[in-house]
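Inspection log for the structure reproduced underneath, given as structure tokens.
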Amino acid sequence: GAVRRPLVMANWKMNMTPDQVEPYLQQVIPEVNKDTGADVAVAAQDLYLAQMVKETAGSRLAIAAENAHWTDDGAYTGETSPKALALVGVSYVLIGHFERRKLFNETDERVNLKTKAALKNGLKPIVDLDEDLSAYAKEDKKTIVLKQLKIALEGITAEEMADVAIAYEPTWAIGSGEAASAEQAEKSAEFIRQSLVNLYDQQVADQTRILYGGSVTTENAADFLSQEDIDGILVGKAALKPESFLKLIDIAQ
Ligand code: PEP
3 GAVRRPLVMA NWKMNMTPDQ VEPYLQQVIP EVNKDTGADV AVAAQDLYLA QMVKETAGSR
63 LAIAAENAHW TDDGAYTGET SPKALALVGV SYVLIGHFER RKLFNETDER VNLKTKAALK
123 NGLKPIVDLD EDLSAYAKED KKTIVLKQLK IALEGITAEE MADVAIAYEP TWAIGSGEAA
183 SAEQAEKSAE FIRQSLVNLY DQQVADQTRI LYGGSVTTEN AADFLSQEDI DGILVGKAAL
243 KPESFLKLID IAQ
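Just so you know, we're using full-length UniProt numbering here: the sequence shown kicks off at 3 and counts up by one.
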């Protein structure tokens, strides 16, 4: 996407030990600070976020949460408040990641509530849309992705969309080592962008970043990033080693 600044996001998931956090960040920060054209963020489990914000203060590396609740505070034992995340200095939040949907029963309706709560607090949501192969038998994948997109964005204004990014992740490609082809991924990204034209307008569609996620590696990243409608990558496994994440950042710049 020519007008859209690429976004490269690491998703550590429930990985990394406390002693690995600082060395990883120290290795990545100098490269990111050269700012040759991409936004870069690392999503980590809540436990590390405050420390990560401190260690990246004044740098161009942004910190992301992997999930957040849909209300600011209250009796929700074990959950994390979007208000608290924002006050701690977290910039982005993943909403509706495939693993949240599949393993923790996150519904489209909750994705919508969480996206709105994130925006209200000044967090930038990355709304994850997944394509579940098992659902293909009943509905075609475009129907599934469109339904997820529509419900996720219900009640979100065109102005608010300036802070929203969409991640397109085929479930069969996540953590499987089997990425989608760049052509398949571009077709879906193009479909999502066209859907944004229909839901909002051309301007919103043109400005919204659409990321591809699912077994991105240093070998295939350039293919995805060179596609017209793919504006970034969401990377799990290949971002766990700072050397490999640095290569991905390099490719995106
Ligand atoms: C992800 O966590 O969203 C992801 C795409 O993981 P992986 O890169 O390991 O497939």
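Glycine included, each C-beta is placed from N, C-alpha and C at the ideal position.
Review point. Where do the N-terminal and C-terminal ends of the alpha helix (DSSP H) with L96 fall, by residue?
Key: Not the alpha helix (DSSP H): L96 falls in the beta strand (DSSP E), residues 94-97.
Check your understanding: Can you name the residues that DSSP bridges to A167?
Key -> I128, R211
Check your understanding: If we call anything under 8 Å between Cβ atoms a contact, is V199 one with A207?
Key -> yes
**Study point:** Expected contact under 8 Å - CB spacing of I97 and T73 to nearest Å
**Key:** Contact between I97 and T73 fails: their C-beta atoms lie close to 14 Å from each other, not under 8 Å.
Check your understanding: Would you say the beta carbon of I176 comes nearer than 7 Å to a heavy atom of the ligand PEP?
Key -> yes
**Study point:** With 16 other Cβ atoms within 10 Å as the buried cut-off, status of G216
**Key:** Flag for G216 reads buried.
**Study point:** Proximity of A169 and D130 at Cβ, strictly below 8 Å
**Key:** yes
**Study point:** Where S197 falls, given that 16 or more other Cβ within 10 Å makes a residue buried
**Key:** buried
Review point. Does the beta-carbon distance from L9 to V34 come in below 8 Å?
Key: no
Review point. Would you report the Cα separation of E57 and D203, rounded to the nearest angstrom?
Key: 39 Å
Practice item. Could you please give the first and the last residue of the uninterrupted beta strand (DSSP E) stretch that includes N13? Key: 9-13
Review point. Going by the C-beta, is G216 closer than 7 Å to any heavy atom of the ligand PEP?
Key: yes
Exercise for review: May I ask you to list the residues that DSSP assigns as paired with A66?
Suggested key: A45, Y94
Exercise for review: May I ask which residues mark the beginning and end of the beta strand (DSSP E) holding L236?
Suggested key: 234-237
Practice item. Tell me, please, which residues DSSP counts as bridged to E133. Key: The partner list for E133 (beta bridge, DSSP) reads P172.
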